[in-house]
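What follows is one structure encoded as structure tokens, with my remarks underneath.
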Amino acid sequence: MPLRYLFTIFLFCLFLNLKAQESTASSQVSTFEIEAPQLKTIKKIWVYLPKNYLTSTKKYPVIYMHDAQNLFDAKTSFAGEWNVDETLDSLKAQVIVIGIEHGNEKRVDELTPFPNKKHGGGKADDYLDFIVNTLKPYVDKNYRTKTNASNTVIFGSSLGGLVSYYAVLKYPEVFGKAGVFSPSFWFSDEIYTLTEKSEKIKAKIYFLYGDSESDDMVIDAQKIKKLLDHNRCYCLKLDKTVIVKGGQHGEKLWREGFAKAVLWLL
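Counting in this note's numbering, the sequence shown runs from 5 upward without gaps.
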């Protein structure tokens, strides 16, 4: 094959690769970095602002979300993004989203409140301390936010679902609502003990998981649900559970369930 043809093919493949790497984050999304002394690192934060933010003077509820790499941008996602920005734009949602990038090899440490004999972890207290005492004050100072617990949501999936649930138990005065997708309650039985010992849990919680994620996903989530019903009357309707038939553990499940969760929580 003539060299010029090989070179043309090379350029075409390079073009396709560059196209595949283009950012899919909308113009509503920006980023900044902030020191996280509790974690001894610098955290990259993603911010979604509603379309009317710059033309209004109103204040907005805030959703704090984990694993920011997977929320807005296919370029940075591990296995597909959540399409958080596109979904909120389509809903004309009046909410700010603060996405916190996970710490890569430190992700398990950051997102688990209790250690696991096999997988380690158990340093979520430091991670939540960063959100509550460093990140949230910065966000409330620099953006027009509704700062009370009823307008502050914490949201995540898998280990992010676990730490979001833990957050409303540990900081009920900060987080009044939680989106808990495919929670990794299997990581430690201490999450059940903590639920049993907690005072009245007033947080509004949206659970979502698929019945094809793992053998124990439904069992573990239902166990937490029973403990919550014992802790507070189910008649208050402070939690909602969505079980997706055939739903598997991954961004597709979470992406497709995100809109209804936001509408219910807010």
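All C-beta atoms, glycine included, are put in the ideal place defined by N, C-alpha and C.
I'd like the list of long-range same chain contacts for residue i, defined as Cβ closer than 8 Å, with 5 residues on each side in sequence excluded.
{"i": "Q42", "result": "D130, Y131, D133, F134, N137 and T138"}
{"i": "P176", "result": "A153, I205, K206 and A207"}
{"i": "L95", "result": "A263, V266 and L267"}
How many Å lie between residue i and residue j at the Cα?
{"i": "V266", "j": "V178", "result": "18 Å"}
{"i": "A72", "j": "K256", "result": "16 Å"}
{"i": "T91", "j": "D77", "result": "13 Å"}
{"i": "K62", "j": "S168", "result": "27 Å"}
{"i": "K79", "j": "E26", "result": "6 Å"}
{"i": "G84", "j": "N74", "result": "7 Å"}
{"i": "E194", "j": "H253", "result": "23 Å"}
{"i": "G180", "j": "T197", "result": "21 Å"}
{"i": "E203", "j": "S192", "result": "20 Å"}
{"i": "Q98", "j": "H70", "result": "20 Å"}
{"i": "Q226", "j": "K174", "result": "21 Å"}
{"i": "C237", "j": "S31", "result": "43 Å"}
{"i": "K23", "j": "V33", "result": "Note that K23 has pLDDT 43, beneath the 50 cutoff, so the model's placement of it is unreliable and no number is given."}
{"i": "K110", "j": "L240", "result": "38 Å"}
{"i": "L20", "j": "L166", "result": "Here the model assigns L20 a pLDDT of 42, short of 50, so the residue's position is not dependable, and the following value carries that caveat. Their backbone Cα atoms lie some 38 Å apart in a straight line."}
{"i": "G251", "j": "F82", "result": "19 Å"}
{"i": "I228", "j": "Y147", "result": "35 Å"}
{"i": "K122", "j": "T116", "result": "13 Å"}
{"i": "E39", "j": "L53", "result": "22 Å"}
{"i": "S60", "j": "E105", "result": "28 Å"}
{"i": "L58", "j": "P141", "result": "21 Å"}
Would DSSP call residue i helix, strand or coil?
{"i": "G126", "result": "coil"}
{"i": "K63", "result": "coil"}
{"i": "E260", "result": "helix"}
{"i": "S168", "result": "helix"}
{"i": "I205", "result": "coil"}
{"i": "V266", "result": "helix"}
{"i": "V222", "result": "helix"}
{"i": "T245", "result": "strand"}
{"i": "E255", "result": "helix"}
{"i": "A72", "result": "helix"}
{"i": "Y52", "result": "strand"}
{"i": "E217", "result": "coil"}
{"i": "T28", "result": "coil"}
{"i": "L232", "result": "helix"}
Leaving aside the five residues before and after residue i along the sequence, list all residues of the same chain whose C-beta is less than 7 Å from its C-beta, in chain order.
{"i": "F14", "result": "Model confidence at F14 stands at a pLDDT of 45, short of 50, so the residue's coordinates are unreliable; what they give is reported in the following sentence. Nothing meets the Cβ criterion."}
{"i": "W190", "result": "D220 and D224"}
{"i": "W86", "result": "N74, L75, E255, W258, R259 and F262"}
{"i": "V143", "result": "V66, I102 and T149"}
{"i": "S188", "result": "S162, L163, G165 and L166"}
Considering only residues of the same chain and omitting the five flanking positions on each side of residue i, which have a CB-CB separation below 6 Å?
{"i": "F36", "result": "I49"}
{"i": "Y210", "result": "G183, K244, A265, W268 and L269"}
{"i": "N1", "result": "Nothing about residue 1 can be read from this structure; the chain reaches only from 5 to 270."}
{"i": "L212", "result": "F185, V246 and G261"}
{"i": "E114", "result": "G107 and Y131"}
{"i": "L242", "result": "K208"}
{"i": "T151", "result": "D144"}
{"i": "L18", "result": "In this prediction, L18 has a pLDDT of 39, which is less than 50 and means its spatial position is unreliable; what the coordinates show is noted afterwards. Within the same chain, L18 has no close Cβ partners at all."}
{"i": "F16", "result": "Note that F16 scores 46 on pLDDT, short of 50, meaning its location in the model is unreliable and no value can be drawn from it."}
{"i": "F118", "result": "G126, S192 and E194"}
Tell me whether residue i counts as near the ligand FMN, meaning its Cβ is closer than 6 Å to at least one heavy atom of that ligand.
{"i": "K181", "result": "Of the ligands one can find in the structure shown there are none, so the ligand FMN has no counterpart to examine."}
**OP:** Kindly confirm or deny that the stretch 156–175 and the stretch 65–83 touch, where touching means at least three C-beta pairs closer than 8 Å.
**Re:** Verdict: yes, contact present.
Subject >> Whole beta strand (DSSP E) elements within the stretch 76–163, 3-residue minimum >> reply: 100–104 and 156–161
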